[in-house]
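J.: The structure's right below; bear with me while I get my questions together.
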């Protein structure tokens with residue numbers, strides 16, 4: 143029975159070998175061991191070779207794997223994977239450096255704006271370097287000054303109507319008037335709102351209030367105005383005024399020191415003061431952190447009080463500067479302009495008459511000297 147089954151399996155394998163396959167039935171696979179199957183296959187191949195001639199068959203397809211991996215393709219895939227990883231790392235590095243550069247520029251811009259807001263000069267800010275699309279940068283312009291009266295009132299860009307008997311100024315050749323005192327007070331409190339009054343067409347601050355400008359209003363204020371404007375208000379961006387205030391406060395304390403010593407001594411030895419020992423004794427015996435905190439609070443209170451005093455003094459000096467400008471800036475158009483021209487002509491005539499009188503006196507003295515010798 144076993145021999146018959148082996149012959150049947152050999153025939154089946156011989157028929158499938160022509161197609162490159164070896165097909166075996168499940169029964170033969172379970173019925174015989176692998177060694178017996180290989181022996182029977184070898185006998186059947188030898189028999190077929192004797193019948194059909196020399197043919198070459200092998201049992202390798204039975205034990206070989208279908209398909210396979212290509213070494214060249216694997217190497218190319220590995221190289222592509224390495225390049226892809228390098229490209230991703232390079233993109234991440236470029237993105238990181240770009241973000242750091244943007245953050246650096248942002249920090250630099252923020253620091254420049256803060257320093258400019260605190261009064262550090264000659265720093266490029268966003269407002270100083272930016273120009274709106276389609277607009278020209280502000281241009282320098284001369285000024286006209288007029289006197290606002292009840293008979294000839296003038297409008298004001300800041301307060302709609304200028305007060306009577308006050309001077310108003312406007313860019314040369316325009317009627318966009320603004321009160322001289324209001325303009326000066328606005329440039330001292332908030333300079334960024336000055337040029338937008340004229341829609342940023344004119345460089346008002348650089349034209350009318352700069353020492354280097356030929357149209358400066360400050361060239362008419364004299365020595366008193368120079369001391370008030372250039373020394374007290376503009377000196378060291380306010381450091382001169384602050385230093386003078388500190389010096390004044392220290393001088394007052396030194397002058398009042400004997401009185402203060404007497405008052406403090408009487409308070410320390412008084413009975414009501416020591417009656418509150420349970421209250422302030424806790425603070426006196428407290429640790430250093432609490433004393434430091436109390437010192438910080440006291441310092442903040444003193445600093446805020448000094449800042450209020452400084453603002454009050456500064457406002458008073460600004461009002462004084464406005465009065466000096468009202469008195470010194472000449473009227474160029476309208477009421478009052480003719481009177482000032484007549485006064486200037488009279489002064490010139492008086493100067494000429496005085497020069498002629500001096501010349502006559504000199505001539506007489508020369509004649510006397512000539513007669514003597």
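Numbering (this note's numbering), first residue to last: 143 to 515. Ideal placement from N, C-alpha and C gives every residue a C-beta, glycine not left out.
1. Do residue 321 and residue 310 have their C-beta atoms within less than 8 Å of each other?
2. Looking at residue 452 and residue 397, is the spacing between their C-beta atoms short of 8 Å?
3. Have a look at 220, 467 and 256 and flag the residue whose alpha-carbon is nearest the alpha-carbon of residue 362.
4. Counting C-beta neighbours from all protein chains within 10 Å, is the total for residue 268 16 or more, i.e. buried, or is it exposed?
5. Can you list, in chain order, the stretches of the beta strand (DSSP E) that have 3 or more residues and sit fully within the region 236-317?
6. Which whole-angstrom value is the C-beta distance of residue 360 and residue 353, which I expect to be below 8 Å?
7. Note the first and the last residue of the continuous alpha helix (DSSP H) segment covering residue 355.
8. Would a C-beta distance cut-off of 8 Å place residue 241 and residue 326 closer than the cut-off?
9. Kindly indicate the opening and closing residues of the alpha helix (DSSP H) around residue 337.
10. Which same chain residues end up closer than 7 Å to residue 258 when comparing Cβ atoms and leaving out the 5 residues on each side of it in sequence?
11. Would DSSP call residue 345 helix, strand or coil?
12. Could you give the residue range of the alpha helix (DSSP H) that holds residue 516?
13. Compare the Cα-Cα distances from residue 300 to each of 329, 370, 283 and 364 and report the closest residue.
14. Grab the span of the alpha helix (DSSP H) containing residue 394 for me, first residue to last.
15. Residue 429 by DSSP, collapsed to three states: which one?
16. Suppose you measure from the CA of residue 422 to the CA of residue 394; what does that come to, to the nearest Å?
T.: Let's see:
1. Counting from one through the chain shown, the residue named residue 321 turns up at place 179. Counting from one through the chain shown, the residue named residue 310 turns up at place 168. The answer is yes: Cβ separation under 8 Å.
2. Counting from 1 along the chain shown, the entry for residue 397 is found at position 255. Counting from 1 along the chain shown, the entry for residue 452 is found at position 310. Going by C-beta atoms, residue 397 is not nearer than 8 Å to residue 452.
3. Counting from one through the chain shown, the residue named residue 362 turns up at place 220. The residue with the shortest Cα to Cα distance from residue 362 is 467.
4. Along the chain shown, one-based indexing puts residue 268 at 126. By the neighbour-count rule (16 or more Cβ atoms within 10 Å), residue 268 is not buried but exposed.
5. 285-290 and 308-313
6. On the chain shown, position 218 is the one that residue 360 refers to. On the chain shown, position 211 is the one that residue 353 refers to. About 7 Å separates the two Cβ atoms, so the contact holds.
7. Taking the chain shown and counting its residues from 1, the one referred to as residue 355 is at position 213. No alpha helix (DSSP H) holds residue 355; DSSP gives it neither H nor E.
8. By 1-based counting over the chain shown, the position of residue 241 is 99. By 1-based counting over the chain shown, the position of residue 326 is 184. No, Cβ-Cβ distance for residue 241 and residue 326 is not below 8 Å.
9. Within the chain shown, the letter at position 195 stands for residue 337. It is not in any alpha helix (DSSP H) - residue 337 carries neither H nor E in the DSSP assignment.
10. Counted from its first residue, the chain shown places residue 258 at position 116. Cβ neighbours of residue 258 beyond the five flanking positions: 265 and 267.
11. Along the chain shown, read from residue 1 onward, the residue named residue 345 stands at position 203. In this structure, residue 345 counts as coil in the three-state DSSP scheme.
12. No statement about residue 516 is possible, as the shown extent of the chain runs from 143 to 515 and does not include it.
13. For the purposes of this step, residue 300 is identified with residue 158 of the chain shown, where counting begins at 1. Checking every option, the nearest Cα to that of residue 300 belongs to 329.
14. Position 252 of the chain shown, counted from the first residue, corresponds to residue 394. It spans 381-397 - the alpha helix (DSSP H) in which residue 394 sits, taken as one unbroken run.
15. Your numbering for residue 429 matches position 287 in the chain shown. Correct three-state label for residue 429: coil.
16. Position 280 of the chain shown, counted from the first residue, corresponds to residue 422. Position 252 of the chain shown, counted from the first residue, corresponds to residue 394. Their Cα atoms are separated by approximately 29 Å.
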